[in-house]
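Quick mapping for you: the protein sequence lines, in order, are chains A, B, C and D. Its first residue numbered 150, the first sequence is counted upward by one per residue in this note's numbering. Its first residue numbered 150, the second sequence is counted upward by one per residue in this note's numbering. Its first residue numbered 4, the third sequence is counted upward by one per residue in this note's numbering. Its first residue numbered 4, the fourth sequence is counted upward by one per residue in this note's numbering. All C-beta atoms in this analysis are idealised placements derived from N, C-alpha and C, irrespective of residue type, glycine included. Take a look at the structure below.
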Amino acid sequence: MPWTRDQMAERAAKELRDGFYVNLGIGIPTLVSNYIPDGMSVQLQSENGMLGFGPFPYEGDEDPDLINAGKQTVTELKTTSYFSSADSFAMIRGGHIDMAFLGAMQVAQNGDLANWMIPGKMVKGMGGAMDLVAGVKKVCVIMEHVAKSKDGKEEAKLLQKCSLPLTGANVVDMVITDLGVFNIDKKGSGGMTLIELAPGVTLDEIKSKTEASFKVDAKVKQAA
Amino acid sequence: MPWTRDQMAERAAKELRDGFYVNLGIGIPTLVSNYIPDGMSVQLQSENGMLGFGPFPYEGDEDPDLINAGKQTVTELKTTSYFSSADSFAMIRGGHIDMAFLGAMQVAQNGDLANWMIPGKMVKGMGGAMDLVAGVKKVCVIMEHVAKSKDGKEEAKLLQKCSLPLTGANVVDMVITDLGVFNIDKKGSGGMTLIELAPGVTLDEIKSKTEASFKVDAKVKQAA
Amino acid sequence: MKKVYKDAKSALEGVVKDGMMVMAGGFGLCGMPETLIKALRDSGVKNLTCVSNNAGIDGAGLGLLLETRQIKKMIASYVGENKLFAQQYLAGELEIEFNPQGTMSERIRAGGAGIAAFYTKTGAGTEIAKGKEERVFNGERFIMETGLVADLSLVHAWKGDTEGNLVYRKTARNFNPMMATAGRVTIAEVEHLVQPGELDGDMIHTPGVYVQRIIHTTAEKRIEVRTTRKRQAA
Amino acid sequence: MKKVYKDAKSALEGVVKDGMMVMAGGFGLCGMPETLIKALRDSGVKNLTCVSNNAGIDGAGLGLLLETRQIKKMIASYVGENKLFAQQYLAGELEIEFNPQGTMSERIRAGGAGIAAFYTKTGAGTEIAKGKEERVFNGERFIMETGLVADLSLVHAWKGDTEGNLVYRKTARNFNPMMATAGRVTIAEVEHLVQPGELDGDMIHTPGVYVQRIIHTTAEKRIEVRTTRKRQAA
């Protein structure tokens with residue numbers, strides 16, 4: 150059975166390490182914060198200028214001056230610091246954030262990522278996504294394995310080459326989908342490797358739904 | 150009679166305007182702060198990270214964390230703000246300081262300035278001088294008109310072309326010496342113009358002590 | 004040198020000109036100089052190029068200037084929350100230049116700091132890089148981006164003194180500090196206008212040198228996306 | 004994730020290597036990480052490249068590392084107060100690279116901020132520009148300077164919490180905040196080590212993400228140039 154959104158977030162949380170500073174995109178990545186292991190210190194960065202934020206406020210405690218990058222009201226922690234947008238992206242671009250989890254429309258086997266525009270449709274802008282993927286030490290995409298159109302047709306999202314305009318070239322280190330987990334050697338020539346299958350998902354199934362070429366890690370082969 | 154050091158500082162202070170933010174170099178420029186007209190708001194910037202500083206502290210009130218760019222203990226004012234060296238030079242380089250007064254070894258008629266090294270001698274470094282002359286809106290040099298060596302020989306400091314390594318090219322707007330005041334059209338082709346003589350100093354005297362070519366302002370001609 | 008003006012209208016007098024470039028702080032509605040933007044609308048100025056992370060929402064922030072078609076061009080990173088924006092853009096009435104958010108904030112900082120241009124990895128190999136110089140440093144691809152300076156910057160702060168020293172509050176800081184440095188003229192609206200000496204010199208985010216005019220604002224601060232959790236029963 | 008170390012010696016363990024580049028904060032002796040520098044000397048590390056605005060004075064600051072000849076090269080803007088420096092330099096035992104102070108502070112900021120290089124007017128047309136790219140923007144000459152990243156940064160702060168959040172005091176801030184961002188490892192010595200929550204989030208100068216290790220220091224702060232005025236008789 151493929152992973153649910155929450156299971157994908159839970160799997161993603163296994164990539165966290167004690168002391169990590171992490172940026173979470175909107176959608177499934179936001180759920181990762183629910184699965185930070187007890188006793189592990191993980192500080193969440195919000196690119197609008199905040200390091201260390203807590204859950205949504207209790208009703209009535211909302212502060213218009215205290216929002217996350219999705220413009221949602223949040224709360225502060227004892228560890229929280231605030232800074233300007235320039236300082237926030239200096240932190241991101243300078244490689245000081247350990248990990249970013251974000252969604253994607255397409256990922257290519259060389260680590261190219263497309264998640265900000267579809268030509269011909271209204272363009273909303275890339276926000277901070279291009280900076281995050283260019284600057285954060287490890288970039289982990291969490292997304293559905295395939296895109297389903299209204300007529301039920303499925304389209305691969307893990308591709309040989311992205312067809313949509315890129316958010317970043319050679320930027321993705323890891324992809325977690327509802328079917329499995331892939332590593333990408335984004336700066337080298339190692340390509341993409343399947344390192345884990347969701348329970349009950351077969352190698353054949355994932356191959357049939359993936360346009361990208363990928364190797365299969367020995368551990369996955371053994372289990373299959 | 151040529152101006153004294155204090156009279157040069159007093160003359161320099163006439164260039165100040167209400168609301169100016171000003172950087173003062175060491176030596177005679179430091180004295181300019183004694184001649185800020187009453188009721189005029191002038192904030193002094195210290196490039197080590199302070200805007201708005203006051204006089205030396207009373208004996209016993211010295212604070213090791215509160216120094217100016219000459220590393221002297223100073224005091225703060227109600228208007229004082231502190232910032233990092235990067236922010237301080239962003240302020241300077243970005244053109245936000247209205248005026249800098251500094252000393253010089255040589256000034257050329259095109260506004261070139263040399264005040265940081267003499268080849269063959271021990272080099273101490275340029276500190277913040279290159280940034281100040283490149284970034285501050287108006288740069289005013291205050292210096293003795295000629296250099297006197299130990300044997301009493303005089304050497305011109307206002308030159309056709311600086312012989313010493315430059316601190317900045319086309320950077321000086323005004324030169325105040327013990328003999329008079331010059332404007333320099335540093336970005337244009339207007340060259341150097343004598344706009345004022347110290348009382349009792351003759352045009353012939355100043356010409357004999359100046360290697361640079363300069364025009365003489367009509368007001369000076371009339372007075373002479 | 005008096006920096007304090009009695010209201011937004013008088014603070015804008017003499018500095019507003021058709022076709023000018025205006026920077027406005029804020030991330031969404033958070034930390035946006037709402038009072039000054041309303042006065043800018045009321046000034047009737049036209050053909051503005053606006054630099055702001057977002058384009059406000061319908062009926063608030065820069066959305067106000069879209070209603071009156073006073074904006075010719077936007078430089079922004081994300082304009083998703085604004086229907087009027089989409090309409091005017093699709094009708095060809097509005098130009099948009101998208102900048103990655105970090106590139107935009109750094110371009111503004113650079114403009115204020117006398118840095119003509121800089122090299123960033125952000126956007127290398129993407130459409131954003133088109134027409135820009137690419138260059139390799141230490142084996143990685145960088146593109147050149149230029150500094151931005153505006154004719155006028157409008158910022159919102161929590162506290163400000165009569166010298167123009169500003170302090171921001173929480174995430175309402177965002178783009179305001181850099182924009183304050185990058186405006187040829189910068190006007191600040193502050194929720195608390197105080198006397199010199201009331202702010203701690205170590206805790207001033209924007210030194211007064213960057214602020215030419217300052218006003219007191221009492222406008223209500225709005226919340227764009229209200230998200231809460233329920234209180235546990237006691 | 005424990006960032007607090009019991010003393011400077013233990014904080015330096017595992018991060019010190021011969022030939023490394025070390026940044027040290029401070030403007031003269033003001034805001035200089037004296038305790039960490041002493042421990043660095045005692046570690047016996049050799050052939051250091053040190054980045055610091057000055058080279059300390061005889062017997063204090065980086066002057067300590069000159070006595071023991073642990074410094075191979077200095078990157079600095081002004082080294083006037085140090086006889087030992089002059090001796091070793093004139094004897095050819097020490098390399099020096101002078102950077103204009105603003106260029107140096109911006110290079111460090113750029114290194115920490117992922118900016119590979121930038122264009123500044125500072126030094127255009129002077130010896131500093133030799134071998135560097137020159138380029139004209141808006142009719143003015145600029146030169147390209149590159150970002151600086153160090154293996155280790157040593158900084159001094161007034162207060163710090165166990166998360167590594169730092170607050171500096173008055174002009175002791177100087178180079179410390181940028182250096183904290185530009186070290187692959189940054190170690191802070193603080194005069195007051197406090198618990199999270201004791202520092203106001205709006206007033207933190209260096210967010211904890213930049214600080215890997217932190218120690219409490221009780222070293223006396225010295226004054227380099229004591230200048231005073233006399234009290235008026237009452």
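- Here the C-alpha atom of residue 367 of chain A lies approximately 9 Å from the C-alpha atom of residue 343 of chain A.
- Closer than 8 Å at the C-beta level to chain D, one finds these residues of the region 181-207 of chain B: 195, 196, 197, 198, 199, 204, 205, 206, 207.
- Closest in alpha carbon position to residue 80 of chain C, among C:178, C:23, C:147, is C:178.
- The continuous alpha helix (DSSP H) containing residue 88 of chain D extends over residues 86-93.
- Taken through DSSP and simplified to helix, strand or coil, residue 214 of chain A comes out as coil.
- In this structure, residue 144 of chain D places its C-beta atom within 9 Å of the C-beta atom of residue 128 of chain D.
- Inclusion of residue 217 of chain C and residue 27 of chain C in the CB contact set at 9 Å is not warranted, their separation being larger than that value.
- Residue 192 of chain A is bridged by DSSP to A:170.
- Contact between the region 83-101 of chain C and the region 202-214 of chain B is not established, with fewer than three Cβ pairs separated by less than 8 Å.
- With respect to the C-alpha of residue 308 of chain B, the residue from B:183, B:260, B:228, B:346 having the closest C-alpha is B:260.
- Contact with chain D is absent for residue 135 of chain C, since none of that chain's Cβ atoms lies less than 9 Å from the residue's Cβ.
- Measuring C-alpha to C-alpha distances from residue 279 of chain A to each of A:295, A:252, A:270, A:271 identifies A:252 as the nearest.
- The Cβ-Cβ distance between residue 105 of chain D and residue 241 of chain B falls below 9 Å.
- Distance from the CA atom of residue 255 of chain B to the CA atom of residue 310 of chain B, rounded to whole angstroms, is 9 Å.
- Within the DSSP bridge table, the entry for residue 262 of chain A names A:256, A:317 as partners.
- Residue-level contact check: residue 234 of chain C touches chain A, since one or more beta carbons of chain A fall below 9 Å from its beta carbon.
- Residue range 98-101 is occupied by the beta strand (DSSP E) that includes residue 98 of chain D.
- Cα atoms of residue 239 of chain A and residue 115 of chain D: separation of roughly 7 Å, rounded to the nearest angstrom.
- Judged by pairs of C-beta atoms under 8 Å, the region 217-234 of chain D does not touch the region 183-191 of chain C, as fewer than three such pairs exist.
- By DSSP's assignment, residue 247 of chain A forms no beta bridge with any residue.
- For residue 233 of chain B, the chain D residues whose Cβ falls inside 9 Å of its Cβ are 108, 112, 171, 176, 177, 178, 179, 180, 181, 208, in order along the chain.
- Looking at the DSSP output, residue 294 of chain B shares a beta bridge with no other residue.
- Judged by beta-carbon spacing, residue 51 of chain D lies beyond the 9 Å limit of residue 11 of chain D, meaning their Cβ atoms are not closer than that value.
- When the Cα atoms are used, residue 161 of chain D and residue 229 of chain A turn out to be separated by approximately 18 Å.
- When DSSP reads this structure, residue 159 of chain C sits in a beta bridge with C:192.
- As DSSP reads the structure, residue 208 of chain D sits in no beta bridge.
- Using a Cβ distance threshold of 9 Å, residue 289 of chain B and residue 327 of chain B do not count as a contacting pair.
- Along the region 47-62 of chain C, going in chain order, the ones with a CB nearer than 8 Å to a CB of chain A are 56.
- Bridge partners of residue 334 of chain B according to DSSP: B:340.
- Judged by their CB atoms, residue 313 of chain A and residue 266 of chain A are nearer to each other than the 9 Å cut-off.
- Beyond the five residues adjoining it in sequence on each side, residue 275 of chain B comes within less than 7 Å, by CB distance, of 265, 316 in the same chain, given in chain order.
- Taking 8 Å as the Cβ-Cβ cut-off, the region 21-33 of chain D approaches chain B at 30, 31, 32, 33, given in chain order.
- In summary, the residues of the region 226-255 of chain B whose CB is separated from some CB of chain C by less than 7 Å are 227, 228, 229, 230, 231, 232, 239, 240, 242, 243, 244, 245, in the order they occur in the chain.
- Secondary structure at residue 109 of chain C: helix, using DSSP grouped into helix, strand and coil.
- Look at residue 284 of chain A: its C-beta is under 9 Å from a C-beta on chain D.
- Under the DSSP assignment, residue 137 of chain D falls in the beta strand (DSSP E) whose first and last residues are 137-140.
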